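Below is one structure, written out as structure tokens; comments come after it.
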Amino acid sequence: MNALERPLPRSDAWAANASHSTVCYQLQAEAEPDTLCRVLNLFALQFLTPHSVQVCQQDDWLDIEVAIGGLSWHRAEVIAQKMRNLVCVAQVSLENRARAELAVV
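Residues in the sequence shown are numbered consecutively from 7, following the numbering used here.
Structure below.
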């Protein structure tokens, strides 16, 4: 699919007037061959492309960090909950990068 055929990003009907920001998901998941695909598929199903993805394996676990922009906090939380429902995921935390950057300044 090229850029002209790609559908427009889905709007968040539950938080249409909410501000959008960059969020960072931090996960700990089982180090299985399909784990990363399962996690990233939750974004792909909504036509979202992460800005960055970092993965580090430690023993039997993957430490995964995914940053993505243009989400309302409500939509980000819904995606985090879907991640928590994956059998291979042990832990998920969510951080609003815009707020974190303001706190540092």
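Glycine residues also receive a C-beta, built at the ideal position from the N, C-alpha and C atoms. Please read these numbers as outputs of a predicted model, since none were measured by experiment.
Residue burial classification, residue i (beta-carbon count within 10 angstroms, cutoff 16)
i     : result
Thr55 : exposed
Leu33 : buried
His30 : For clarity, residue 30 is Cys in the given sequence; the question names His instead. By the neighbour-count rule (16 or more Cβ atoms within 10 Å), Cys30 is buried.
Arg81 : buried
Ala35 : buried
Boundaries (first-last residue) of the alpha helix (DSSP H) holding residue i
i     : result
Val72 : No alpha helix (DSSP H) holds Val72; the beta strand (DSSP E) holding it covers 67 to 77.
Leu42 : 41 to 50
Proximity below 7 angstroms, CB of residue i to CB of residue j
i     : j     : result
Ala37 : Leu77 : no
Leu92 : Arg44 : yes
Gly75 : Thr41 : no
The beta strand (DSSP E) enclosing residue i, as first and last residue numbers
i     : result
Val93 : Here Val93 belongs to no beta strand (DSSP E), and DSSP marks it neither H nor E.
Ala35 : 27 to 36
Own chain partners of residue i with C-beta closer than 7 angstroms, once the 5 adjacent residues on each side are dropped
i     : result
Ser58 : Ala73
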